[in-house]
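Peer 1:
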Amino acid sequence: MTLTPAPPPPDDAADDVLDGFDLPSTWTASAVDTFREVLAARPDLAGPELSALEHACQLQTVADHLDDVARDAAYVATGSQGQEILHPAVAEARLTRTAAAAILARLTVTSGRVQTSSERARSAARARWGSRGGVS
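So for the sequence shown, UniProt numbering puts the first residue at 1; every next one is plus one.
#1: Quick one: give me the first and last residue of the alpha helix (DSSP H) that residue 66 is part of.
#2: Taking 8 angstroms as the limit between beta carbons, can you name the residues of its chain near residue 75, skipping five residues before and five after?
#3: Would residue 65 be called buried (16 or more neighbouring beta carbons within 10 Å of its own) or exposed?
#4: Using the Cα positions of residue 141 and residue 19, report the straight-line distance between them to the nearest angstrom.
#5: Return yes when the Cβ of residue 59 is within less than 8 angstroms of the Cβ of residue 107, no when it is not.
#6: Could you round the C-beta distance between residue 96 and residue 69 to whole angstroms and report it? I think they count as a contact, below 8 angstroms.
#7: Looking at residue 32 and residue 104, is the spacing between their C-beta atoms short of 8 angstroms?
#8: Is it buried or exposed, residue 21, if we count other Cβ atoms within 10 angstroms and call 16 or more buried?
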């Protein structure tokens, strides 16, 4: 199994985004990049949102490790009847990435203004019915 922990930044590199954050050394490079990119887009993250970002990055690290496990096994495992099956780590990595993506989607800024539930419902009705109905 080939694990790729995040490389430490060069001593002379100034990383203003991650300044002050002590990230786990076990995170993969892609998890650190995700953390950096989300913080660059949302420097106001704190409390539960910051914890959610950390959890998403940990899930991304787990998915990367599961990818390594599946790749090392050539994506094949032996089933209960001796048949070749898709390695279970493939599905687990997919599910883990889906969970991380769901968390990250809640943290992403989509516009400068938050819609009310009525506005979201109206937008959904317009998207569904278009010009067929009387939704304005």
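Here a beta-carbon is modelled for each residue, glycine too, at the ideal position from N, C-alpha and C.
Peer 2: In short:
#1: Annotation: the continuous alpha helix (DSSP H) that includes residue 66 extends over 47 to 72.
#2: The answer, listed in chain order, is 86, 87, 90.
#3: Residue 65 comes out buried.
#4: In the structure displayed, the chain extends from 1 to 136; residue 141 sits before or after that span and is not available.
#5: Against a cut-off of 8 angstroms, the Cβ pair of residue 59 and residue 107 comes out as no contact.
#6: Beta-carbon to beta-carbon, residue 96 and residue 69 are separated by about 12 angstroms, too far to satisfy the 8 angstroms threshold.
#7: For the 8 angstroms CB-CB criterion, residue 104 and residue 32 do not form a contact.
#8: By the neighbour-count rule (16 or more Cβ atoms within 10 Å), residue 21 is not buried but exposed.
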